[in-house]
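Heads up: the structure comes next, in structure tokens.
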Amino acid sequence: MTLSRRHLLVATLSLPGLATAQAAWPSKPVRIVVPFAAGGTTDILARALAPELQKAFGQPFVVDNKPGAGGNNGAAEVGKAANDGHTLLMGTVGTHAINAALYAKMPYDHLKDFVPITLVAGVPNVLVMNPANAQKYGVDGVPALIRYAKANPGKLNVASSGNGTSIHLAAELFKSMTGTFMLHLPYGGSGPALIDLMSGNTDLMFDNLPSSLPHIRSGKLKAFAVTSAVRSSALPDLPTIEEVGGPALKGFEASSWFGLLAPAGTRMDTVNRLQQETAKALASPALKERLQAQGAIPSGMTSPEFTGFIAAETAKWAKVVKAAGAKVD
């Protein structure tokens, strides 16, 4: 018995799972999970990118904030989500490099449970202080901060966007290298941490530059130095911590990065399309200039490049965590 071409097509598409595999993507709104509260750099970058992806793919890209546990809660949710391309993660150096070494038990495997799509941007952190508190304690720069912290162990408190974030670890590295003790106060993201910092409820923070930059320019925060190896083009007159920290802080470097990831098993044609459109958006003059003005360095690397980058960052930060003696149970 000879089957017609039409009958063969109908029979083939009726095979289990094949019709789904052939379905167009995206077929519904795409959710970008931000594993921190609104107002921080992870959130800023996701909300800057989402409209560009919406224009490229014709479906809404909706930012969904899921803060908690240094980004682990939101990341774990995406790692367990359906791998149909409709749930993505704006991951960070915390969720996909630092936390694996910092936390005694992780709710996901950052290497096995995700497929990296692209690095969106890298940013330096910046050491900022509440201006009134800085004046009260006589702290006018990094050397004065070290002197005061050594003379008054535990009196200063340092806010972060959560345990395990680069903001937290930058502070731990600073304390370890300078032999100082400051009380760590973790929040659910940079946004709420900055609110308390500007109100004077906390003293200082090693924040991602994009989220602190508007408050530095308005005078609500006092910036002392950036944590990167080189100065930031957004604040070219602001020194690096290594420049002003003396011998104890030689080699200090603790920058952040942010990238898109999907659940493991997501189709590579979907991953590649997302990478290509993200890279195109990041290279557009309008978005590129906007991010650079906020202190971010746009990327857009390929999925294999981002995969290798995450592996290298995992090894790097494991050494930093061990040297700092930081641990979260």
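Take any residue in the sequence shown, note its place counting from 1, add 396, and you have its number in my numbering.
Quick reminder that beta carbons are idealized off the backbone N, C-alpha and C, glycines included.
Fair warning: this is a prediction, and the values are worked out from it, not measured in the lab.
Whole-angstrom C-beta distance between VAL717 and ALA497, which should lie under 8 Å: Looking up residue 497 in the sequence shown gives position 101. Looking up residue 717 in the sequence shown gives position 321. Contact flag correct, Cβ pair sits at about 4 Å.
Closest Cα partner of MET525 within the set THR666, LYS618, ALA566, GLY436: As a working note, residue 525 is residue 129 in the sequence shown. MET525 has its Cα closest to that of LYS618, out of THR666, LYS618, ALA566, GLY436.
Distance CB(VAL516)-CB(LEU445) smaller than 8 Å: Numbered from 1 along the sequence shown, position 120 holds the residue referred to as residue 516. Numbered from 1 along the sequence shown, position 49 holds the residue referred to as residue 445. Yes. Within cutoff.
Spatial neighbours of GLN418 in its chain, beta-carbon cut-off 6 Å, leaving aside the 5 residues before and after: Position 22 of the sequence shown, counted from the start, is the residue given in the question as residue 418. Reliability of the predicted coordinates at GLN418 is poor, the pLDDT of 47 falling under 50, and no value is obtained from them.
Where LYS462 falls, given that 16 or more other Cβ within 10 Å makes a residue buried: Looking up residue 462 in the sequence shown gives position 66. Its Cβ being crowded by 16 or more others within 10 Å, LYS462 is buried.
Interface flag, THR674 vs chain D, CB-CB below 8 Å: Judged by its chain identifiers, the structure shown contains no chain D, having just a single protein chain.
Given GLY518 as reference, the closest of LYS476, PHE602, GLY691 once Cα atoms are compared: Here residue 518 refers to the residue found at position 122 of the sequence shown. When each option's Cα is compared against that of GLY518, the closest is GLY691.
Coil, strand or helix - ALA540 by DSSP: Taking the sequence shown and counting its residues from 1, the one referred to as residue 540 is at position 144. Correct three-state label for ALA540: helix.
Sequence-distant residues of its chain with Cβ nearer than 6 Å to ASP633 (five each side left out): Within the sequence shown, numbered from 1, the residue matching residue 633 stands at position 237. No residues qualify anywhere along the chain.
Inter-residue Cα distance where the pair is ASP536 and ALA530: In the sequence shown, residue 536 corresponds to position 140, counting from 1. In the sequence shown, residue 530 corresponds to position 134, counting from 1. Straight-line Cα distance between these residues: approximately 7 Å.
Proximal residues to GLU473 (C-beta, below 7 Å), its chain only, five neighbours per side dropped: Here residue 473 corresponds to residue number 77 of the sequence shown, with the count starting at 1. Correct list, in chain order: VAL429, LYS462.
TRP421, DSSP secondary structure in three states: Locating residue 421 in the sequence shown gives position 25, counting from the first residue. Residue state for TRP421 is assigned as coil, using DSSP reduced to three classes.
HIS728 in three-state terms, based on DSSP: Only positions 397 to 725 of the chain appear in this structure, which leaves residue 728 out of reach.
Simplified DSSP assignment, three categories, for LEU414: Walking along the sequence shown from the start, residue 414 turns up at place 18. Residue placement at LEU414 is poorly supported in this model, since its pLDDT is 45, which falls under 50; the coordinates are not used for a value here.
LEU523 beta carbon less than 8 Å from that of THR623: Position 227 of the sequence shown, counted from the first residue, corresponds to residue 623. Position 127 of the sequence shown, counted from the first residue, corresponds to residue 523. Against a cut-off of 8 Å, the Cβ pair of LEU523 and THR623 comes out as a contact.
MET601 - DSSP class collapsed to helix/strand/coil: Residue mapping note: residue 601 aligns to position 205 of the sequence shown, counting from 1. Reduced to three states, the DSSP call for MET601 is strand.
Cβ-based burial, ASN559 [other Cβ within 10 Å; buried from 16]: Your numbering for residue 559 matches position 163 in the sequence shown. So ASN559 ends up on the buried side.
Sub-8 Å separation of ALA658 and VAL667 beta-carbons: Taking the first residue of the sequence shown as position 1, residue 658 is located at position 262. Taking the first residue of the sequence shown as position 1, residue 667 is located at position 271. Yes, these two residues count as a Cβ contact at 8 Å.
Buried or exposed (CB count within 10 angstroms, at least 16 for buried), VAL626: Mapped onto the sequence shown, residue 626 falls at position 230. Exposed: under 16 other Cβ atoms inside 10 Å.
Bounding residues of the beta strand (DSSP E) (the contiguous stretch that carries HIS564): Position 168 of the sequence shown holds residue 564. Unbroken run through HIS564 is the alpha helix (DSSP H), 562–574; no beta strand (DSSP E).
Three-state secondary structure assigned by DSSP to PHE654: Your numbering for residue 654 matches position 258 in the sequence shown. Looking at PHE654 - three-state DSSP - the assignment turns out to be strand.
contact_flag[the region 647–656, the region 559–568] where n(CB pairs < 8 Å) is 3 or more: yes
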